[in-house]
Amino acid sequence: MLDLTNPLIEIKITSSVCSTVAIGMTVFRLYVRRGRYWYDDAWALFSLLALFVQIASVFMHVPNPAQLTKLNRVAAYYILATSFYAVIWSARLSILFSVIRLEPHTSTRKRLYWAALALFLTVCFLISQLFWVCEPEPGWKDLPSPQCTLNKEVAICQLVTDILSDALLVIAPLRMIRHVANIPLRRRLYFIFSTSVVTTIVSLVHAAYILRTGGTKVLVAAIVEDTVSLMVANLPVAATAAMRAAGVKIGPEAEDAPSLSTMRFGAKSGGAKSGGGAAGVVTGRWSLWTGGAGGGRSRVGERSVGSTTLNNTSTYKADEDLQDDVGLDRERGRTTTFRLGELRSTDTVEDDRGRSTSRVDAETERDDKAQAV
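In UniProt numbering, the protein residues as written are 1 to 373.
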């Protein structure tokens, strides 16, 4: 029977419970995102694999760490410590790449790519710090359950990098979310992306244990921190899928496209203008505009037709994970184009009929004048 007062058993229980939830959310995320995988999904998968490695290293001490050789016990600790960094920072990279995937502004995306590189270099630094702090003090390797005593510098570095990275993950999507026209959707997105703060709170507890007590409580806090980070990384996809299953209308056009809805961004970025011919442009609002020779402009997204001619159109379809079908659904776009074609054909027929009627009336009038003369 398990001794629940044994600190090693506490670590196993914590790892089992928290990891099960994190694994379940990641598998669900990968299922929902199937067929549309991107870098954020790849980082989530990498975080999941690192979590499996962490679980294996935790249970290497069961039932009795004395059954392992000294080398294996030390290796188990290093695997556990490095997998902790791998899980938590790859989860953060997954969140950041989710923002990059949804960010419509090219300049902002480039800056976020540099931020992703900074996060990657940070995790490399933290893993290196682990070895240069622990290796000069080999005394901990002789313990029955080896665990390196991390110093104040490690705790400070972890705390500072955690706060800065989580602040980045909260601030990065603000510009994108701020221009969402649907207020309920905007609030949901604010809430979803702000959950990175939860990771910061757990990291504060983890740093406090490093500074004060040390021991197995540090491992427990570390396991909770990295599994919570992976849960937060999967939350946007999981929350959106749950709202979709509950029938929540997230976009203003949800009734037109049951499986998709729209998210429109604010200021128009402008597009190419043609002096005489028509030019279709995609603006910063991700809505479809067409310009014509008459100088008018119609918004296809609203199915309004003026004196313009549809010549060159473009649609943009974003991923479904946040229910952000920015622009028009391709099928609806084809339907709209077809309807516009019908309207133009009808107008042409009516114009031809009108011209024919006018021509007949003119000829009749000339005949009447000739007879009068």
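From the three backbone atoms N, C-alpha and C, an ideal C-beta is built for every residue, glycine too. Treat the numbers as computed from the prediction; the structure is a model and nothing was measured.
| request: Just tell me which of L102, S165, V58 and W132 has its CA closest to the CA of V180. | output: L102
| query | Contact between the segment 18 to 29 and the segment 217 to 229: three or more CB pairs below 8 angstroms? | reply | yes
| query | Going straight from the alpha carbon of P146 to that of V198, what length do you get? | reply | 30 angstroms
| request: Ignoring anything shorter than 4 residues or poking outside the segment 193 to 254, list the alpha helix (DSSP H) runs there in chain order. | output: 196 to 211 and 216 to 245
| query | Rounded C-beta distance between D40 and S98? I'm assuming under 8 angstroms. | reply | 4 angstroms
| Local conformation of P138 per DSSP, three classes | helix
| query | Would you say L170 and S196 are within 8 angstroms of each other, going by their C-beta atoms? | reply | Note that residue 170 is Val in the sequence shown, not Leu. Yes, the Cβ-Cβ distance between V170 and S196 is below 8 angstroms.
| Nearest CA to the CA of R92: which residue from L150, R111, H105 and L117? | L117
| request: Kindly give me the distance between the Cβ atoms of L126 and C148, rounded to whole angstroms, as I take these residues to be in contact under 8 angstroms. | output: Going by Cβ atoms, the distance from L126 to C148 rounds to 14 angstroms, so no, they are not a contact pair.
| query | Short check: CB of L8 to CB of L30, under 8 angstroms? | reply | no
| field | CA-to-CA distance, C124 to F193, given in whole angstroms | value | 25 angstroms
| Exposure label - F191; buried when at least 16 CB within 10 Å | exposed
| Proximal residues to W140 (C-beta, below 8 angstroms), its chain only, five neighbours per side dropped | C134, P146, Q147, C148 and T149
| request: Assign E103 to one of three DSSP states: helix, strand, or coil. | output: coil
| task | Provide the residue span of the alpha helix (DSSP H) that contains F59, from first to last. | result | Looking at the DSSP string, F59 is not in any alpha helix (DSSP H), and its letter there is neither H nor E.
| task | Flag this pair as yes or no: are the beta carbons of L96 and A172 separated by less than 8 angstroms? | result | yes
| alpha helix (DSSP H) containing Q147: first to last residue? | Looking at the DSSP string, Q147 is not in any alpha helix (DSSP H), and its letter there is neither H nor E.
| message | Am I right that K152 and L204 are in contact with their C-beta atoms under 8 angstroms? What's the rounded C-beta distance? | response | Actually they do not touch by this definition, with Cβ atoms about 15 angstroms apart.
| What residue range is occupied by the uninterrupted alpha helix (DSSP H) comprising R175? | L174 to R178
| Quick one, are the C-beta atoms of S94 and S47 less than 8 angstroms apart? | yes
| Straight-line CA distance for L235 to I100? | 16 angstroms
| query | Quick one: what does DSSP say G24 is sitting in, helix, strand or coil? | reply | helix
| said: Is it buried or exposed, W132, if we count other Cβ atoms within 10 angstroms and call 16 or more buried? | reply: exposed
| request: Report the residue from K70, Q54 and V218 whose alpha carbon sits nearest the alpha carbon of F84. | output: Q54
| message | Nearest by alpha-carbon distance to A207: which of L49, K110, A155 and E137 is it? | response | A155
| message | Which of the three DSSP states is assigned to W114 in this structure? | response | helix
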